[in-house]
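K.L.:
The structure under discussion is supplied below as structure tokens; questions concerning it will follow.
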Amino acid sequence: MQAAALFSRTNLLRKMAEANEKFWRLYDPADPSTAPTNEQVVAHLKRQGVSQRIAEAIATILRAEDLPTGPRK
Numbered sequence: 003m004q005a006a007a008l009f010s011r012t013n014l015l016r017k018m019a020e021a022n023e024k025f026w027r028l029y030d031p032a033d034p035s036t037a038p039t040n041e042q043v044v045a046h047l048k049r050q051g052v053s054q055r056i057a058e059a060i061a062t063i064l065r066a067e068d069l070p071t072g073p074r075k
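Under the numbering used here, residues 3 to 75 are what the sequence shown spells out, in order.
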């Protein structure tokens with residue numbers, strides 16, 4: 003594996019870990035309103051230089067599995 007490819011993967015993993023800490027640290031499964039929206043996570047990642055497609059994938063990966071999809075009520 004070339005060094006550039008390894009750095010890119012490491013950089014994205016670091017950004018994913020940072021987004022997880024920033025947005026999901028205070029999430030309370032008993033209170034779904036504490037969950038960030040995918041749009042919030044994507045916007046943050048894009049400001050960090052992540053492409054739209056990758057930012058959306060990361061936001062989906064980080065999202066708690068028990069949260070319903072769709073608009074908030």
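Every residue gets a Cβ at the ideal spot worked out from N, C-alpha and C, and that includes glycine. These figures come from a predicted structure and were not determined experimentally.
1) Write down the C-beta distance between asparagine 22 and leucine 69 rounded to the nearest angstrom, noting that I regard them as a contact closer than 8 Å.
2) Note down, in chain order, each residue of its chain lying with its Cβ closer than 8 Å to the Cβ of glutamine 54, except the 5 sequence neighbours on either side.
3) Grab the span of the alpha helix (DSSP H) containing threonine 62 for me, first residue to last.
4) Suppose you measure from the CA of glycine 72 to the CA of alanine 57; what does that come to, to the nearest Å?
5) For lysine 17, which residues from the same chain have a beta carbon less than 7 Å from its beta carbon, with the 5 sequence-adjacent residues on both sides left out?
6) Contact check, proline 38 vs alanine 66 under 8 Å by CB: the rounded distance?
P.N.:
Checking against the coordinates, here is how it stands:
1) Numbered from its first residue, the sequence shown carries residue 22 at position 20. Numbered from its first residue, the sequence shown carries residue 69 at position 67. Taking a contact as a CB-CB distance under 8 Å, the pair asparagine 22 and leucine 69 does not count as one, their CB atoms being some 15 Å apart.
2) As a position in the sequence shown, residue 54 is number 52, starting the count at 1. Taken in chain order, the residues that qualify are Val44 and Lys48.
3) Working through the sequence shown from its first residue, we reach residue 62 at position 60. Threonine 62 -> alpha helix (DSSP H) spans 54-64.
4) Position 70 of the sequence shown, counted from the first residue, corresponds to residue 72. Position 55 of the sequence shown, counted from the first residue, corresponds to residue 57. Near 18 Å, if we compare the C-alpha coordinates of alanine 57 and glycine 72.
5) Here residue 17 refers to the residue found at position 15 of the sequence shown. For lysine 17, where only same-chain residues beyond five positions count, the Cβ hits under 7 Å are Leu47, Gln50 and Val52.
6) What you label residue 38 is simply residue 36 of the sequence shown in a count that begins at 1. What you label residue 66 is simply residue 64 of the sequence shown in a count that begins at 1. So it is not a contact: roughly 10 Å between Cβ atoms.
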